[in-house]
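Enquirer: In this text, residue positions in the sequence shown follow the numbering used here: the first is 21, and each later residue adds one.
Take this structure first; my questions come after.
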Amino acid sequence: MASGKTTFGKALAQRLNTPFVDLDAFIEEQSGKTIREIFAEKGEEQFRILEKEMLHKAAEEYPNSVIACGGGTPCHCDNMEFINSKGITIFLETSTPVLISRLQAENETRPLVAGKSDDEIRQKVLTQLCDRLPYYMEAKLKWHGDDLENSQQIEDNVESFISSYPSLFR
């Protein structure tokens with residue numbers, strides 16, 4: 021959550037001239053409800069079931085694309101195994117202070133931290149990182165997500181990423 025998946029993913033897809041899919045936006049489009057509404061009406065467990073279904077659908081409808089998954093996506097069902105079987109997975113390692121800062125600035129738009137105090141957000145980030153890190157570490161590639169604050173940093177970051185893995189992006 022707030023690692024820069026959508027920001028980095030959009031820029032990477034544009035640079036590679038391939039479709040970009042934000043899984044949360046795809047879920048909202050397909051369900052006709054916002055992520056926040058789904059969480060409120062059905063709870064996290066039902067959301068995760070829908071998320072898995074939509075992940076499979078997005079991968080089928082958009083092969084050879086860049087798909088930005090939600091922060092919890094790899095940690096539920098068999099999603100990480102599925103994602104790894106479908107393509108190149110990237111874990112955007114973002115420092116805890118950067119994650120906290122981004123979430124504090126956006127806390128009303130994210131269901132898992134909406135209405136929480138700065139201390140509650142800090143605790144949520146620390147708890148989630150502990151819980152989710154084993155799944156994230158299963159990604160095939162790791163990249164840094166701290167420097168995605170402006171268009172030049174994003175562009176530089178994507179170029180650096182591509183040049184770091186030349187055999188993948190010919």
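Every residue gets a Cβ at the ideal spot worked out from N, C-alpha and C, and that includes glycine.
#1: Within 8 Å, do at least three Cβ pairs link the segment 120-134 to the segment 51-68?
#2: So is Met74 in contact with chain C if we call contact Cβ pairs under 8 Å?
#3: If you run the structure through DSSP and keep just helix, strand and coil, what is Leu168?
#4: Am I right that Leu146 and Thr116 are in contact with their C-beta atoms under 8 Å? What's the rounded C-beta distance?
#5: Under DSSP, the beta strand (DSSP E) around Ala88 begins and ends at which residues?
#6: Can you tell me whether Phe189 is helix, strand or coil according to DSSP?
#7: Using DSSP's beta-bridge definition, name the partner residues of Lys162.
#8: For Ala140 and Gly52, what's the separation of their Cα atoms in angstroms?
#9: Exposed or buried, Thr27, counting other C-beta atoms within 10 Å across all chains shown (16 or more means buried)?
#10: Below 8 Å between beta carbons: does that hold for Gly135 and Ser23?
#11: Pro94: which of Leu168, Lys25, Ala60, Phe189 sits nearest, CA to CA?
#12: Determine the direct distance from the alpha carbon of Ser180 to that of Leu15, and round the result to whole angstroms.
#13: State the DSSP-derived secondary structure class of Asp42, mapped to helix, strand or coil.
Expert: So, to answer that:
#1: The segment 51-68 vs the segment 120-134: in contact.
#2: This model lacks chain C altogether; it includes just one protein chain.
#3: Note: Leu168 maps to coil in three-state DSSP.
#4: Leu146 to Thr116, Cβ: 7 Å. Contact.
#5: If you look at Ala88, you'll find it in the beta strand (DSSP E) that goes 86-88.
#6: DSSP places Phe189 in coil when its eight states are reduced to three.
#7: Its beta-bridge partners are Phe111.
#8: The residue asked about is misnamed: residue 140 is Glu in this sequence, not Ala. Roughly 30 Å between the two C-alpha positions.
#9: Buried: at least 16 other Cβ atoms inside 10 Å.
#10: Against a cut-off of 8 Å, the Cβ pair of Ser23 and Gly135 comes out as no contact.
#11: Taking only the C-alpha atoms, the option nearest Pro94 is Lys25.
#12: The structure shown does not extend to residue 15, since the chain spans only 21 to 190, so no value can be given for it.
#13: Strand at Asp42.
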